[in-house]
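See below for the structure under consideration.
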Amino acid sequence: MTNKIPFLVLLLISITAFSQTKKIKALVGGTLIDGYGAEPIDNSVILVEGEKIKAVGTITTLEIPDHAEIISTEGMTVLPGLWDMHVHTMINGHADYAYWDKTYPPLLKDVIMPSSAEQLLMAGVTSARDLGAPLEESIAVRDAINNGDIPGATLYVSGPFIQKKPYPGTEDFRWGVNGPEDARKKIKKLVSAGVDVVKLIDQDKMSMEELSAIVDEAHKNELKVVAHGHRPDEIRRGLMVGADCFEHTGLSSAPRYPDDIMGMIRERTADMSSGPLYWCPTVEGLYNYEYTRDNPEVLDNDSWHRGLPDSVVTDIKNSIKHPDRLPYFQLTPVRKPTLKTKIQQLLDAGVVLMIGTDSGIPMKFHSQSTWNELDVWVNEFGIDPMYAIRAATYWPSLWMGVSDEVGTVTPGKYADIIAVKGDVLRYISLLQDVDIVIKHGKQYK
Ligand SMILES: [Zn+2]
Numbered sequence: 006m007t008n009k010i011p012f013l014v015l016l017l018i019s020i021t022a023f024s025q026t027k028k029i030k031a032l033v034g035g036t037l038i039d040g041y042g043a044e045p046i047d048n049s050v051i052l053v054e055g056e057k058i059k060a061v062g063t064i065t066t067l068e069i070p071d072h073a074e075i076i077s078t079e080g081m082t083v084l085p086g087l088w089d090m091h092v093h094t095m096i097n098g099h100a101d102y103a104y105w106d107k108t109y110p111p112l113l114k115d116v117i118m119p120s121s122a123e124q125l126l127m128a129g130v131t132s133a134r135d136l137g138a139p140l141e142e143s144i145a146v147r148d149a150i151n152n153g154d155i156p157g158a159t160l161y162v163s164g165p166f167i168q169k170k171p172y173p174g175t176e177d178f179r180w181g182v183n184g185p186e187d188a189r190k191k192i193k194k195l196v197s198a199g200v201d202v203v204k205l206i207d208q209d210k211m212s213m214e215e216l217s218a219i220v221d222e223a224h225k226n227e228l229k230v231v232a233h234g235h236r237p238d239e240i241r242r243g244l245m246v247g248a249d250c251f252e253h254t255g256l257s258s259a260p261r262y263p264d265d266i267m268g269m270i271r272e273r274t275a276d277m278s279s280g281p282l283y284w285c286p287t288v289e290g291l292y293n294y295e296y297t298r299d300n301p302e303v304l305d306n307d308s309w310h311r312g313l314p315d316s317v318v319t320d321i322k323n324s325i326k327h328p329d330r331l332p333y334f335q336l337t338p339v340r341k342p343t344l345k346t347k348i349q350q351l352l353d354a355g356v357v358l359m360i361g362t363d364s365g366i367p368m369k370f371h372s373q374s375t376w377n378e379l380d381v382w383v384n385e386f387g388i389d390p391m392y393a394i395r396a397a398t399y400w401p402s403l404w405m406g407v408s409d410e411v412g413t414v415t416p417g418k419y420a421d422i423i424a425v426k427g428d429v430l431r432y433i434s435l436l437q438d439v440d441i442v443i444k445h446g447k448q449y450k
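Following my numbering, the numbering of the sequence shown begins with 6 at its first residue and continues without gaps.
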């Protein structure tokens, strides 16, 4: 008898485990945008087995197994989990970076970064590129999410920014380079720690030898390089050395990209062998500043409190009590009118834009940023909603080199799927409140 009990327990455990991995979910009825850009599929059926998508069809073409768990998506738009290609999980809307960097490093790994990742996930963002944070913490949080220890968006992390010189007090998450040898050494250190991408900023302050060493060493190790595009020479030099993606529209309040830069961009987009030229314009923080300043009620949406201790929430609230006084945004009203022109220049030159937000900057919360970026693209800049959705699904997965696994709703890929009531192609801002979030087959919302 005593021998049999452990055996029975073991049997039960393995039966439970077996039935869980084999369990099929059926998402039934909604209109599916699969991420490839074709016409949406009405009355769709998606079968999810374990972590993966097993089949995609419609209620007339695809049989739903008897034992499947039915999740109704009637009246909803169903789409791939969103990507945000530019987030900062180490910050969360606080207005004073110097204070934050002094105060919160001990909480980054166990509180701040996990909270950011979970807020993203609950907003329907199932994958995110995290561009600039301390190395050990970045890897630990990414891995904890991947191992299923904590809930959160799948993160692709850069670890520390690579730049000419860290600003005082930021040495933990900004690494300086001193000569090409040192540059290679720093990249090798990132490679052996297992980062997913390299984040480059202030590259106009480096020597060309340093800059080339960084990109060459990264590419040799199959890491792509994301480059800041704030100043004209950051863009020029980034293009010269073959940076793989640019961030921000940049050029401050200057009205448009100068002709020589546009010439370089067109030269680059014409070179098919290098693949598309990618760019995350990260416009919504700038575009919505004046609205937020004059309608601060949006800051009281408590979705950004999730996972944060009350003391931190209070601290953040106090720092943004006077949105009109934040130094970060004083020039923003002058920059705002230039954004549409710059985006249009990039589109006209054949650049592939991706959704990225700079989420975490003052007053920009991980629970809200991504849908706001989509909303500004579509409703303010007139970008086709299908283009915007692909910029937050298909293209990011391709850029990250994981398009075989995620990014579209396709049999064989991980089931990263969201659904929201209503027609997202008609009203993109419905994405501010997604009804269903599934990541790797597990329903989180
Ligand atoms: Zn950023």
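Think of the CB as a built atom: it goes at the ideal place given N, C-alpha and C, for glycine as much as any other residue.
Are the CB atoms of G164 and V200 within a distance shorter than 7 Å? yes
Is any non-hydrogen atom of ligand 1 found closer than 6 Å to the C-beta of D363, if you look at the structure I gave you? Yes, ligand 1 has a heavy atom inside 6 Å of this Cβ.
Does the Cβ-Cβ distance between W382 and Y283 come in under 7 Å? no
Tell whether a beta-carbon distance below 7 Å holds between S120 and G365. no
Decide yes or no for the touch test of the stretch 255-267 against the stretch 341-358: beta carbon pairs closer than 8 Å, at least 3 of them. Flag = yes, the stretch 255-267 and the stretch 341-358 touch.
Do three or more CB pairs link the stretch 184-193 to the stretch 103-114 at distances below 8 Å? Segment contact: the stretch 184-193 against the stretch 103-114, fewer than three CB-CB distances shorter than 8 Å; contact not assigned.
By how many angstroms is the C-alpha of A420 removed from the C-alpha of T26? With a pLDDT of only 48 at T26, under 50, the local geometry of the prediction cannot be trusted, and no value is derived from it.
Answer yes if the stretch 151-161 comes into contact with the stretch 100-111, meaning at least three C-beta pairs across the two stretches below 8 Å, and no otherwise. no
Helix, strand or coil: which one does DSSP assign to G290? helix
Contiguous alpha helix (DSSP H) assignments of at least 4 residues, all confined to the stretch 371-404: 374-380, 390-395, 399-404
So, under 8 Å CB-CB, G40 and V439 are touching, yes? Tell me the CB distance rounded to an integer number of Å. That belief does not hold up - the Cβ atoms of G40 and V439 are roughly 16 Å apart, past 8 Å.
If you drop the 5 nearest sequence neighbours on each side, which residues of the same chain put their C-beta closer than 6 Å to that of S372? Q124, A128, S308, W309
Can you grab the Cα-Cα spacing for the pair F386 / S279, in whole Å? 28 Å
May I have the straight-line CA-CA distance separating S212 from G243, to the nearest angstrom? 12 Å
How many Å lie between D299 and I325 at the Cα? 13 Å
Distance, Cα to Cα, V317 vs A223? Their backbone Cα atoms lie some 36 Å apart in a straight line.
Please return the same chain residues whose Cβ sits closer than 8 Å to the Cβ of N8, not counting the five positions on each side in sequence. For N8, the predicted model reports a pLDDT of 49, less than 50, meaning its position is unreliable; a value from the coordinates is still stated below. Cβ neighbours of N8 beyond the five flanking positions: none.
Assigned exposure category for M368 - 16 Cβ within 10 Å defines buried: buried
Should H72 go down as buried or exposed, given a rule of 16 or more other Cβ atoms within 10 Å for buried? exposed
Applying the 10 Å Cβ sphere with the 16-neighbour rule, what's the burial state of E68? Exposed, since its Cβ has fewer than 16 Cβ neighbours within 10 Å.
Among T398, T287, S434, N293, which residue has its Cα nearest to the Cα of H91? T287
Using a Cβ-Cβ cutoff of less than 7 Å, which residues in the same chain neighbour L436 once the five nearest sequence positions on both sides are dropped? G129, W376, L379, V425, V429
Cβ atoms of E272 and P338: under 7 Å apart, would you say? no
Pick out whichever of E227, V33, L228, E252 has its Cα sitting closest to the Cα of E239. E252
Any idea which residues DSSP pairs D135 with across the strands? V92, V162
Quick one: grab the DSSP three-state call for T63. strand
Put R431 into one of helix, strand or coil per three-state DSSP. coil
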